[in-house]
Each structure stands twice: as C-alpha cells, then as structure tokens.
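Respectively, the protein sequence lines represent chains D, H and W.
At position 99 of the first sequence (counting the first as 1) the number is 108 in our numbering, and the numbers step up by one without a gap.
At position 84 of the second sequence (counting the first as 1) the number is 203 in our numbering, and the numbers step up by one without a gap.
At position 253 of the third sequence (counting the first as 1) the number is 260 in our numbering, and the numbers step up by one without a gap.
Here a beta-carbon is modelled for each residue, glycine too, at the ideal position from N, C-alpha and C.
Have a look at the structure below, then the notes.
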Amino acid sequence: MPYMQRDALIQASQFQSTAARTPPGLVVQQLSLSYPGNGSALVDINLDIPAGAVTAVIGPSGCGKSTLLRCFNRMNDTIEGCRYSGAIYVGDNNVLAAATDVTALRRRVGMVFQRPNPFAKSIYDNVAYGPRIGGIRRKRDLDEIVERALRDVALWDEVSDRLHTGALRLSLGQQQRLVLARTIAIEPEVLLLDEPASSLDPISTLKIEELIYELKHTYTIIIVTHNMQQAARVSDWTAFMNGGKLVEFDETDRIFTNPVERATEDYITGRYG
Amino acid sequence: MSEKLSYKQHISAQFNAELDAIKNDLLEMGGKVENQIELATEALLQTDSEPAEAAILIDRSINRLEVEIDEQCARILARRQPAASDLRLIIAIAKVTTDLERIGDEASKVARVAIKLAPVQSPQPTELRFRRIANHVNRMLRQSLDAFARQSVEQAVKVVLSDADIDDDYHSAMTELQQAMRTHPDHIEYLMEQVWALRSLERIGDHASSIAEQVVYLARGVDIRHADNEGLRNLIN
Amino acid sequence: MIMATGQSLPGQRRWQRVLGTLMIWLTAAMVTLSVLTAGAFLGLLLWFAGSWLTAEGMASGGVLVRFWGNLQQLLFQPSASLGIEAMLPAIIGTVIMIILMTVIVAPLGVLVAVYLSEYAKNTWYTELLRIAIQNLAGVPSVIFGVFGLGFFVYAVGGEIDGWFYAETLPRPTFGTPGLLWASLTLALLTLPVVIVASEEGLARLPTSMREGSYALGATRFETIIRVLLPAAGSSVLTGVILAIARAAGEVAPLMLVGVVKYAPTLPVSLQAPFIAFEQKFMHLGFFIYDVAAHANVGEGRLGLICAAAVLLVGLVMLLNLTAVLLRKRLRDRYQALSEE
Ligand SMILES: Nc1ncnc2c1ncn2[C@@H]1O[C@H](COP(=O)(O)OP(=O)(O)O)[C@@H](O)[C@H]1O
Ligand SMILES: [Mg+2]
C-alpha cells in the first residue's frame with residue numbers, strides 16, 4: 010500500500026481544513042463480530058482509515074458493511090447477544106474497551122443511517138436535540154447552532170421560514186440532509202454514513218455527495234454504499250468487503266482502475282455472483 | 120491471487136455482448152490494416168499500381184470502422200460506467216483504434232508512392248532492406264494485435280523490444296538512398312518518394328509498438344510508454 | 008395478463024365485481040343504520056326528558072325548551088316531591104373522579120408500557136405479564152369494586168388511618184370508601200386499555216428512530232422521554248380516550264368504593280387543599296340508577312331519568328372531545344406544513 014501518498018493526502022487535507030482541528034484516523038485491529046444464531050458477520054478485519062479523508066466501504070449485500078460501520082460508534086451494543094473482539098482506535102483510544110463511555114463516543118463519532126430518520130419533532134428541535142442532550146440550554150446558542158448546521162448541509166434556505174414545523178413533512182432528500190445537520194450539530198470528529206443516499210433521487214444524491222466533499226476537510230468520513238459509482242465519485246480510499254472479510258483496501262483511483270484482488274475486480278466490473 | 124486469465128461473465132449479458140462487439144470490430148479493423156500494408160508494400164516492391172489502388176480503397180472502410188468503434192466506446196462509457204479491467208479495455212481500444220487508423224494512413228501513403236513510381240522504371244537500390252523492413256513491421260502489427268486479442272503481456276513486450284531491430288535496416292536504407300541521390304541526381308524526385316515510403320514504414324512500426332504498450336496497460340494496468348528496456352524485461356520475468 | 012376487451016368480462020371477474028359492489032352498499036347501509044339508531048336514541052331521550060315536569064306549568068314550548076327547563080330544575084333544585092337530590096353535585100363528582108382517574112392511569116399505563124416495550128426482555132415473565140394485562144380487561148367491573156373495597160379501602164386505607172389519623176379512630180378517614188379509592192379502582196379497571204394502546208404506539212416507532220437518538224449520544228432514558236414518548240403521544244392519548252369512555256360508563260364498582268346517593272359537601276372547594284380525597288361523592292351514573300330505583304313514581308320520572316342520561320352522554324362526549332382535540336393538535340404539530 011502506498012503509504013507515502015497517503016501521508017501526503019493527510020497533510021493536504023489538514024492544510025485545507027478551515028477549522029483549526031484535526032480529525033482522528035481510525036485503526037481497526039483484528040476485529041471479529043458475531044450475531045446471535047447467525048455465525049460471524051466480521052472476520053479478523055484489519056484496516057487503517059486515514060484521517061480527514063473519505064473512505065468508502067463497498068461490497069455485496071450482507072457482507073458486513075453496516076456491521077463494520079456500527080462497530081465504530083458501538084451501535085452494535087444495542088443488539089442483544091452481539092459479540093465482538095479486537096480493537097478499534099479512534100485517535101489514541103480503543104473504543105471497544107469496556108471502560109469506554111459509549112454516549113461520549115457517539116458524540117465523537119456521528120452516524121447517519123440508510124433511511125432518513127428524523128424525530129417526530131419540529132425541524133428546529135431535531136437539530137437542537139443533540140446539543141440539548143449535551144447540556145446547551147440558552148436559546149441564543151441553540152439558534153446559532155441550528156442555523157449553522159442547516160447552512161452546512163445547504164438546507165437553511167429551504168426551511169428557514171418553517172423551522173418550527175414538523176420534520177416528517179420534508180421530502181426524503183431534505184430529511185436526509187436534516188439528519189446530517191442533526192449529526193453535525195454535535196460537532197463529531199468522525200462521520201459514519203450508512204448508504205446515506207440509497208433512498209434519494211439523483212439530485213438529492215448529488216447534493217449529499219457534494220456535502221460529503223465539503224465536509225471531508227473537517228471530518229474523517231466513512232461511507233458505506235452499494236453504489237459503486239458513488240464510491241468512485243466521493244471517496245479517497247476504498248475498502249472492499251466480501252463475506253465478512255476485508256478483501257482489499259487501497260486508494261479509490263487504484264481500486265477503480267486496477268484492483269489487485271480478483272474478487273474486487275469481479276465485483277467492481279459487475280461480474281460478481 | 121491476481122490471475123487474470125479467464126474472466127467470469129458480467130451479470131449483464133447485454134454488457135458482455137457490447138464488449139464482444141467492440142472487440143470484434145477492433146480485430147476486424149486490425150485485419151484490414153494488415154491487409155492494406157501487405158498490398159501497399161507489394162505494390163511498391165513490384166512497381167504495380169493495382170494492389171496500391173486496392174490498398175487505398177481499404178483505407179475508407181478503415182476510417183469508417185474507426186468512427187464506429189469510437190462511437191461504441193463513448194456509448195459504453197456513458198451508459199455502463201465501466202471500471203477496472205472494463206475501463207482499461209475501453210481506454211485501450213480507443214487508443215489502439217487511433218493507432219490503427221494512423222497505420223492505415225501511412226499504408227495509404229506507401230500505396231500512393233507505389234502508384235507514382237509504377238510507370239517509371241526507377242532504380243531500386245534498397246529493395247532488399249525495404250522488403251525486410253516491410254516484413255518486420257507487418258509482423259510487429261500482427262503480433263501486437265494477437266497479443267491484444269489474447270491479452271498476452273509477454274508477446275506485447277517482445278513487440279515493443281523488437282521495434283529497435285528496424286533501426287539498423289532503416290538507417291542503412293537511408294544511407295543507400297542518399298548514395299543513390301548523389302550518383303543519380305536526375306532521379307532525385309523518385310528517390311525522395313522512396314524516402315517517404317521508408318519513413319511511413321518506420322512509423323507503422325512505431326504505431327504497432329504503441330498498440331503493444333496498450334496491451335500491457337490493459338492486462339496489467341501498468342503504463343510502459345516511457346519505460347526503459349530493463350523495466351520491460353522485468354515485466355516478462 | 009390479457010384482459011378481455013369490451014364489456015364482457017370473464018364470468019368470475021364479473022361476479023367479483025358484483026360482490027364488491029354489494030359489500031360496499033351493505034357497509035354503507037350498516038353505517039347509516041347505526042348512525043340513525045344513535046340519533047333516534049338520543050332524540051328519544053331528549054323527547055322523554057322534555058316531556059317531564061308538566062306539573063310546573065311548562066305546557067307550552069318545544070321539546071328543547073322543556074328539556075332546558077327540566078335541566079335547570081334538576082341541576083339546582085332538589086325535588087322533594089320526587090324524593091331526589093339536585094344533579095349538579097353528581098356532575099361535579101363524576102368529572103372530578105374521571106379527571107383524577109386519568110391523572111393516575113395515564114402515567115401508570117405509560118410507565119408499564121415503556122417497561123414492557125423498551126426495557127423488558129422477551130421472557131416468559133413478560134409474556135405472562137402481557138397475558139395478565141389482557142385478561143384484566145375481561146374481568147367484570149364489579150369484581151374491581153370488590154377488589155377496591157378489600158384492598159384499597161380496608162387494607163391500604165386502614166393502614167393509612169393507623170399511621171396518620173390515629174387520633175380520630177375508630178371513626179375512619181381513609182379506611183372508608185371515598186373519592187381517591189374510587190378513582191384508583193377505576194384507574195385499575197382502565198389500566199389495560201392505556202397500556203395496550205401505549206405499548207402498541209411505542210412498538211410502532213421504527214428502530215431507526217431509537218438508533219438516531221442513540222447515535223447522537225443520548226441515553227436510553229433520554230431517548231424514551233424526549234423522542235419516543237412524544238412520537239407515541241397520540242397513541243397514548245387514544246388509550247386515555249378509550250379509558251375515559253370506559254370509566255364514564257361504570258357504576259357498579261363505584262357503589263362499593265365511594266359513590267353515595269347523597270353527599271352533603273362537594274369533594275372540591277375553593278380553599279386549600281381544594282380537593283378532599285377521602286370524601287364520598289355523588290355520581291351521575293349512580294344518580295340515574297337511584298332515580299330509577301327509588302324516586303316516587305310520578306308523572307315525569309322517565310323524563311327525569313332521560314334528562315340525566317342525556318347529560319351523562321353529553322359529559323362523556325365532552326371529555327372525549329377534549330382528548331381528541333388534544334391528540335389532533337399533537338399530530339398537527341409535527342406533521343402539518345402550515346403551522347406556527
Ligand atoms: N441484528 C442482526 N441480527 C442477526 N444478524 C444480523 C443482524 N444484522 C445483520 N445481520 C447479519 O449480518 C450480516 C451482515 O449484515 P450487514 O452488516 O447489515 O450487511 P451489509 O450492510 O453489508 O448489507 C448479514 O448476513 C446479516 O444477515
Ligand atoms: Mg447495510
């Protein structure tokens with residue numbers, strides 16, 4: 010793996026970042042996971058996710074992409090009987106350690122799901138939810154956070170005149186951007202996106218991709234997608250998974266022009282199955 | 120791990136068919152170009168204008184094939200968004216088509232020279248070398264197309280390496296032509312025509328070599344256009 | 008599928024179509040019939056209610072005028088000649104009891120529902136609990152009265168008296184039927200409805216909503232309080248509406264745990280502590296029963312009963328309407344485009 014290029018890439022992204030902060034990279038070591046009564050869903054994953062870049066995770070349905078993503082913020086903890094082993098370092102902390110404060114972790118590592126899942130609350134309350142949980146009470150502060158988050162996801166102009174109406178009345182594309190704004194509002198360092206555009210129309214999809222492109226300077230972004238063109242468009246790095254295993258991880262340019270592994274080649278060119 | 124010998128079929132049979140069609144068109148174009156070169160060199164060496172006319176006629180269908188193949192490439196890029204080996208195949212085909220078309224042009228030039236020289240019994244000081252060069256570039260083209268069809272890196276590299284072998288003949292032929300110009304200044308017009316023909320043959324060799332380079336890109340994803348001989352040999356071993 | 012063109016459908020399909028039309032008409036007819044019946048029933052009640060009190064010289068005027076006259080007298084003037092009390096205290100008693108019951112049953116029901124849906128794992132114990140709750144809904148209401156009398160009045164009330172009102176013993180304070188015990192008994196009676204509706208409301212919320220909240224660093228408690236319950240609010244209110252409807256119709260258990268024919272004072276007052284939990288109180292349902300059973304058989308007895316019935320129905324409708332409006336507001340708030 011061309012580490013030199015990787016370092017150059019990391020440095021470039023730090024240089025461009027406007028906010029004076031460096032998102033952490035993620036290091037996955039010997040991660041294995043099993044669901045109750047379903048055998049193992051992840052098998053000995055080792056992965057080095059660069060900071061401040063977009064990493065795409067691709068692979069056939071059921072290969073464990075979502076499962077892997079949900080390890081990064083310990084979302085799998087909510088599934089009863091789900092067992093995992095190994096280590097995931099976000100910065101210096103092993104987040105899989107028993108001592109990890111999961112709620113604090115999830116504020117560091119934000120997640121957007123496949124289907125837009127706004128709460129049955131107003132647009133404003135949706136975005137203010139995370140900050141409020143985090144203890145921000147003053148209306149002026151909340152107003153500011155809400156506006157900034159909505160502007161970041163290019164939704165402000167569309168909804169600023171109806172912030173206090175129900176979020177469920179927005180279109181799917183708007184809902185997904187709202188959910189992204191809701192996540193950004195808690196200022197995480199890492200963004201996990203699980204097929205964020207799979208239920209959206211092409212234009213909304215492009216908007217989301219554009220957002221990802223803009224956000225990558227201040228966040229480490231991991232995006233799961235079953236749309237290979239999307240992975241090719243938005244990501245700097247691509248991981249290809251199959252059957253719970255990591256098959257290949259490399260720069261996106263390389264994966265999409267000349268992958269090393271035969272399985273990757275077959276999947277990318279549509280010869281899978 | 121990365122044995123790229125026999126690919127599975129695409130899930131989309133239609134895509135398979137499209138790729139097969141474009142490959143067939145390319146090989147058909149290659150065959151026509153080969154044929155054209157043979158006719159042109161034959162005309163030149165036999166001072167016979169009939170095969171030369173045939174060679175020029177072929178060039179039209181070559182041009183038509185070039186346009187057709189380019190259209191197919193554009194269509195596949197737009198509609199299939201090919202990746203990895205498929206992407207490399209389309210890129211390689213597009214480039215090989217260009218090379219083949221240029222080869223066709225050069226062959227036409229040779230044919231035109233043959234037509235000009237046919238009525239005059241001009242001296243042929245370089246016939247032997249001409250024949251050898253013509254045979255050589257013909258072989259290079261055939262082999263590079265063969266390598267393309269079989270995606271054989273080894274054969275392709277051999278073609279690239281063999282390009283240098285023409286040089287000797289080429290330079291000797293040039294010297295001989297200069298000599299002839301000095302001794303027969305009254306034939307200089309015809310001798311100049313022969314110089315053009317020689318240059319065209321040499322260019323055909325270059326294009327054949329460039330086709331072979333695309334074969335390596337197609338099969339391995341490596342760009343060898345500016346690699347040195349040692350790098351090339353490392354590829355085969 | 009290839010459709011036959013023109014008017015001639017295949018025989019089977021034509022039958023299906025005829026059958027479908029028939030069903031629609033049948034349903035429409037049934038709905039109309041039930042609406043008509045309900046209307047006729049109410050009209051009849053009104054008619055009888057208006058026909059009462061001829062003796063007082065209100066011979067002229069329509070049914071509604073006479074009904075209103077009856078009502079005024081019923082509400083404010085005990086009719087010694089008929090041997091009945093004024094109805095206003097009964098109305099107030101009914102309303103207070105239902106409100107108290109709602110205040111008790113709603114949080115209790117929601118609590119159990121939250122436990123069952125969000126905290127409890129699916130074990131034989133929770134399964135048993137669910138079955139028990141469902142069966143509770145099928146127990147005859149008078150049994151609840153018996154339970155209330157035995158458990159709340161004697162056991163709990165007796166204990167309370169022993170601890171806090173020892174000086175007034177042997178005269179019982181809480182150890183006797185009263186407003187609190189009646190409300191608690193009814194709360195118990197209606198608890199299954201609230202639990203089932205709330206649990207269903209919670210279960211209907213998608214997992215993705217919960218995950219969305221967890222992913223923002225919320226705890227389970229925060230998720231329940233701030234996301235799930237507001238989202239399930241209309242289901243909870245549906246449960247409460249059903250509970251109110253059921254509670255308003257009950258008389259039998261109340262006779263055992265707090266309702267009396269005549270209470271000298273109201274259970275509410277304008278002075279602190281505003282509400283007297285231990286007092287016995289009057290109830291509209293019982294009033295009807297009492298009039299029917301014990302009033303002097305006079306010319307207008309049926310009208311009197313009917314007037315009271317109309318009032319009871321109106322009261323229940325009013326309470327339900329409040330809850331329905333509340334629910335609608337809750338729904339609109341989060342789904343309509345043009346609000347605020
Ligand atoms: N909650 C769960 N319980 C049991 N098995 C699960 C659960 N979630 C996912 N799986 C299984 O784990 C495997 C990986 O699933 P997932 O990570 O969702 O795949 P992907 O996102 O790549 O489509 C699948 O075989 C799936 O059936
Ligand atoms: Mg998934």
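Item, Value
"Chain-order list of residues whose beta-carbon lies under 8 Å from that of N327/W (same chain, five-residue window excluded)", "I248, I251 and A252"
"Residues near R92/D in its chain [Cβ-Cβ closer than 6 Å; skip 5 each side]", "S43"
"Collapsed DSSP secondary structure at D57/D in the structure displayed", "strand"
"Element boundaries [alpha helix (DSSP H), containing I150/W]", "S148 to F154"
"Interface positions of the stretch 203-229 of chain W facing chain D (Cβ-Cβ less than 8 Å), listed along the chain", "P213, S215, M216, R217, E218, G219, S220, Y221, A222, L223, G224, A225, T226 and E229"
"When L107/W, V203/W and M216/W are compared against S124/W, the one with the closest alpha-carbon", "V203/W"
"Within 8 Å, strictly: CB atoms of V200/W and A144/W", "yes"
"Straight-line gap, D189/H to T245/H (C-alpha atoms, nearest Å)", "39 Å"
"Any non-hydrogen atom of ligand 2 closer than 7 Å to S75/D Cβ", "yes"
"C72/D Cβ short of 7 Å to ligand 1 heavy atom set", "yes"
"Segment contact, 8 Å Cβ cut-off, at least three pairs: the stretch 138-146 of chain H with the stretch 223-243 of chain H", "no"
"Contacting residues, own chain, Cβ-Cβ under 8 Å from G224/W (five flanking each side not counted)", "none"
"Limits of the alpha helix (DSSP H) - the one that T166/H falls within", "No alpha helix (DSSP H) holds T166/H; DSSP gives it neither H nor E."
"Cβ distance (whole Å) where G265/W is taken to contact F288/W below 8 Å", "6 Å"
"Cβ-based burial, E63/W [other Cβ within 10 Å; buried from 16]", "Low confidence applies to E63/W: its pLDDT is 46, below 50, so where it sits in the model is not reliable enough to give any reading."
"Interface residues of the stretch 99-117 of chain D facing chain C [CB-CB below 9 Å]", "The question asks about chain C, but that chain is absent: this structure's protein chains are D, H and W."
"Which of helix, strand or coil DSSP assigns to A132/H", "helix"
"Distance cut-off 7 Å: N251/D Cβ against heavy atoms of ligand 1", "no"
"G279/D versus L138/H - alpha carbon distance", "13 Å"
"Pairwise C-alpha distance: F281/W and M65/W", "Low local confidence applies: a pLDDT of 46 at M65/W is under 50, so the model's placement there is unreliable, with the coordinate-based value given in what follows. Spanning the two alpha carbons is a distance of roughly 39 Å."
"Start-to-end residues for the beta strand (DSSP E) that takes in D205/H", "From DSSP, D205/H is part of no beta strand (DSSP E) but of the alpha helix (DSSP H) over A203 to L236."
"N- and C-terminal bounds of the alpha helix (DSSP H) containing A327/H", "I307 to R339"
"Between the CA atoms of Y296/W and T61/W - distance to the nearest angstrom", "Reliability fails at T61/W, whose pLDDT of 47 lies under 50, so the model's placement of it is uncertain and the value that follows must be treated cautiously. Going from the Cα of T61/W to the Cα of Y296/W covers about 22 Å."
"Members of the stretch 232-252 of chain W near chain D, C-beta cut-off 8 Å", "R233, V234, P237 and A238"
"Buried versus exposed call for R178/W [16 or more other C-beta atoms within 10 Å across all chains shown]", "exposed"
"Inter-residue CB distance, P274/W and I103/W (contact presumed, cutoff 8 Å)", "6 Å"
"Bounding residues of the beta strand (DSSP E) (the contiguous stretch that carries R83/D)", "Run containing R83/D: none; DSSP gives neither H nor E here."
"E218/W Cβ short of 7 Å to ligand 2 heavy atom set", "no"
"A190/D: first and last residue of the uninterrupted alpha helix (DSSP H) it sits in", "L181 to I193"
"Simplified DSSP state of K254/D, which is helix, strand or coil", "strand"
"Check: V66/D C-beta below 7 Å from any heavy atom of ligand 2", "no"
"C-beta neighbour in chain H for D53/D, strict 8 Å", "no"
"A240/D beta carbon near ligand 1 (any heavy atom closer than 7 Å)", "no"
"Within 8 Å, strictly: CB atoms of F265/D and A241/D", "yes"
"Local Cβ density within 10 Å of D218/H, reported as buried at 16 or more and exposed below that", "buried"
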